[in-house]
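To convert, take the position in the sequence shown, counting from 1, and add 542; that gives the working numbering.
We put the beta carbon where it would ideally sit given N, CA and C, even for glycine.
Quantities reported herein were computed from a predicted structural model and do not represent experimental measurements.
What follows is one structure encoded as structure tokens, with my remarks underneath.
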Amino acid sequence: MAVGLARSFGGLSGWTDRGRYVVTDSTHSHARRVESPHIFADSASAAIADNEGIPLGQVPNVTWRIMFSDGDYLSTTRSAIFTTNGSSALTDTSLAAWSQPGPTSLFSYASQGPQGPSGVAGLQATECLRAGKVYVLAGFQGLGGSPTHFGIRFRRMYWSLPNWPSNPDFVLSTLGADVMAVRGAQRQSGDLRFAVAGLVPARGRVWFRIETTVAMKARVVVYDVMGRAVKRILDQTVPNGVSYVSWDARGETGRAVGSGIYFARLSSDGRNRVARVALVR
Numbered sequence: 543m544a545v546g547l548a549r550s551f552g553g554l555s556g557w558t559d560r561g562r563y564v565v566t567d568s569t570h571s572h573a574r575r576v577e578s579p580h581i582f583a584d585s586a587s588a589a590i591a592d593n594e595g596i597p598l599g600q601v602p603n604v605t606w607r608i609m610f611s612d613g614d615y616l617s618t619t620r621s622a623i624f625t626t627n628g629s630s631a632l633t634d635t636s637l638a639a640w641s642q643p644g645p646t647s648l649f650s651y652a653s654q655g656p657q658g659p660s661g662v663a664g665l666q667a668t669e670c671l672r673a674g675k676v677y678v679l680a681g682f683q684g685l686g687g688s689p690t691h692f693g694i695r696f697r698r699m700y701w702s703l704p705n706w707p708s709n710p711d712f713v714l715s716t717l718g719a720d721v722m723a724v725r726g727a728q729r730q731s732g733d734l735r736f737a738v739a740g741l742v743p744a745r746g747r748v749w750f751r752i753e754t755t756v757a758m759k760a761r762v763v764v765y766d767v768m769g770r771a772v773k774r775i776l777d778q779t780v781p782n783g784v785s786y787v788s789w790d791a792r793g794e795t796g797r798a799v800g801s802g803i804y805f806a807r808l809s810s811d812g813r814n815r816v817a818r819v820a821l822v823r
């Protein structure tokens with residue numbers, strides 16, 4: 543359950559395990575092994591982004607959080623820790639822009655919820671998931687907990703809950719939410735569809751498929767995970783039926799982008815469709 547490194551010799555058919563990554567900045571992360579790092583924004587900013595149809599990175603005063611697990615920490619009460627940047631710009635990666643003097647453990651922050659103990663002791667490999675307007679914290683628990691649990695935990699996240707002591711940014715549901723139903727993603731309407739049609743990592747080329755029942759003016763912009771526009775790849779009328787647009791995995795300046803997750807956003811007449819691209823070079 544750790545972020546690790548594998549090396550391929552002579553092709554992609556065989557891989558050699560090179561072990562786990564050792565954290566590069568343990569002084570400030572207070573962790574020996576950083577696992578499952580991910581970033582998410584507060585629910586209010588996400589709602590604004592949805593309503594106005596803009597990337598999260600363009601919402602004023604959005605508060606971002608980096609959450610990660612400490613793979614070598616022996617205490618089960620500190621297996622997941624997180625830090626925020628206090629509404630600074632996400633592009634400001636300086637140490638001063640993030641909460642100090644150090645990270646906050648998930649256990650100390652949200653071990654108690656409005657319904658009782660949240661049971662997050664020993665939680666590893668965490669991920670913040672979003673289904674519509676509902677936030678869910680998921681993670682693997684294999685180091686005990688209360689009560690002892692081995693498997694995947696799901697906890698509903700409640701943001702800015704009124705009348706809760708100290709009213710933190712979010713609290714978690716109680717033990718009864720181990721098994722919960724999450725509504726499936728809403729299918730794209732039949733009059734407008736947008737998806738990745740092909741990906742050739744070695745050539746740095748991605749194709750997107752646009753399907754519409756009527757001719758329309760469309761714009762497609764690629765964004766990085768921080769909500770920054772990388773490149774506009776389409777801004778014209780597309781015919782009815784199926785058409786394709788490609789991205790050369792480069793930014794507006796012509797420089798090749800790095801490996802990572804990118805999002806292509808199709809906008810047309812107030813409607814938006816998003817396709818996720820995992821680019822590996």
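Would you say P659 and S650 are within 8 Å of each other, going by their C-beta atoms?
-> no
Nearest candidate by alpha-carbon position, reference L665, set F682, L671, Y677, G655 = F682
By Cβ distance, which residues of its chain are closer than 8 Å to L714, with the 5 residues on each side in sequence left out?
-> A652, G655, S660, V662, L679, R697, R698, M699, Y700
Span of the alpha helix (DSSP H) holding E794?
-> Unbroken run through E794: none, as it is neither H nor E.
Distance between beta carbons of V780 and A757, contact taken as under 8 Å = 7 Å
Bridge partner(s) assigned by DSSP for F736 | I752
Report the residue from Q657, A820, A667, E669 whose alpha carbon sits nearest the alpha carbon of L741.
-> A820
Using DSSP bridges, identify the partner residues of R698.
-> V678
So the alpha helix (DSSP H) I623 belongs to, where does it begin and stop?
-> Per DSSP, I623 belongs to no alpha helix (DSSP H); it is in the beta strand (DSSP E), 622-626.
Rounded to a whole number of angstroms, what is the C-alpha to C-alpha distance between S585 and F624?
-> 16 Å
Residue range of the alpha helix (DSSP H) that includes D592 = 585-594
Please classify R695: is it buried, with 16 or more other beta-carbons within 10 angstroms of its beta-carbon, or exposed?
-> buried
Simplified DSSP assignment, three categories, for R575 = coil
Same chain, Cβ closer than 8 Å to G812, five either side skipped, listed in chain order = G595
Between the CA atoms of R672 and P602 - distance to the nearest angstrom | 21 Å
Cβ-based burial, D612 [other Cβ within 10 Å; buried from 16] | buried
Could you give the C-beta distance for E669 and S578, rounded to a whole number, given that I count them as a contact under 8 Å?
-> 7 Å
Distance between beta carbons of R620 and I581, contact taken as under 8 Å | Going by Cβ atoms, the distance from I581 to R620 rounds to 20 Å, so no, they are not a contact pair.
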